[in-house]
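The block underneath contains the structure these notes are about, expressed in structure tokens.
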Amino acid sequence: MLINYHKFDQKLLETLIYTYLGDWIKRQKDEIAAGVDGAQERLAAAENLRKRLIKILEGEAPLDIFVRWKPLEQQPIGWNPDLNDGVRLNIRPFILVDDVKVRNAGVLRNKIASIKWTKDRGADVESAPWYHLGPQYGGKEGDRINEHHLSLTEKKAAREKAKQTEAS
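Residue numbers 40 to 207, in the working numbering, belong to the letters of the sequence shown in order.
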């Protein structure tokens, strides 16, 4: 299935998992019952893909989206991308999940060789929310680290704390 990435959001991922892939899985089960050759292998592959896509949708580290210019309370919970943050950040969980066919391609058909996954050039300003991350990754303060991961618990707690602060 081809998807226009610039329109690929959480709702479309859910539709892909639960409607399109769900229908495909049901069809393979029907074909197994009818004795169609190869249906068992297709069913196993589809269920394997569904498990991987659900992990991405849930967004637990390391399959989360980390946006280095957003503070903790504004980080996406689950795979809920802000399309304005850019394709590279939002596609990363699809690459990091266990490979389906192609090595280092995750669930994608092809490996994306042109994307640089390591730290970006330049340095963040001291007021940037993740300015102090560099030393944790063998760099210096201000390094633009992209491979940091946050747990859902951390994100939810920060968001709840921000709501309580706003309310008071």
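C-beta atoms are modelled at their ideal positions from N, C-alpha and C, and glycine is treated no differently.
If you're wondering where the values come from, they're calculated on a predicted model, not measured in any experiment.
Out of curiosity, what's the CA-to-CA distance linking histidine 45 and asparagine 123?
9 Å
With distances taken from CA atoms, which of Leu60, Glu80, Asp163 and Pro168 is nearest arginine 91?
Leu60
Residue(s) in a DSSP beta bridge with alanine 162:
Asp182
Spatial distance of proline 120 from leucine 55 (CA atoms):
16 Å
Distance, Cα to Cα, arginine 183 vs isoleucine 104?
15 Å
Which residue spans inside the segment 117-165 form an unbroken beta strand (DSSP E) run of at least 3?
159-162
Give the secondary structure of alanine 201 by DSSP, where H, G and I count as helix, E and B as strand, and everything else as coil.
helix
Contact between the segment 131-141 and the segment 82-101: three or more CB pairs below 8 Å?
yes
Between which two residues does the alpha helix (DSSP H) harbouring leucine 55 extend?
Here leucine 55 belongs to no alpha helix (DSSP H), and DSSP marks it neither H nor E.
Once you ignore the five residues that flank glutamate 97 on each side, which residues in its own chain have a CB closer than 7 Å to its CB?
Gly117
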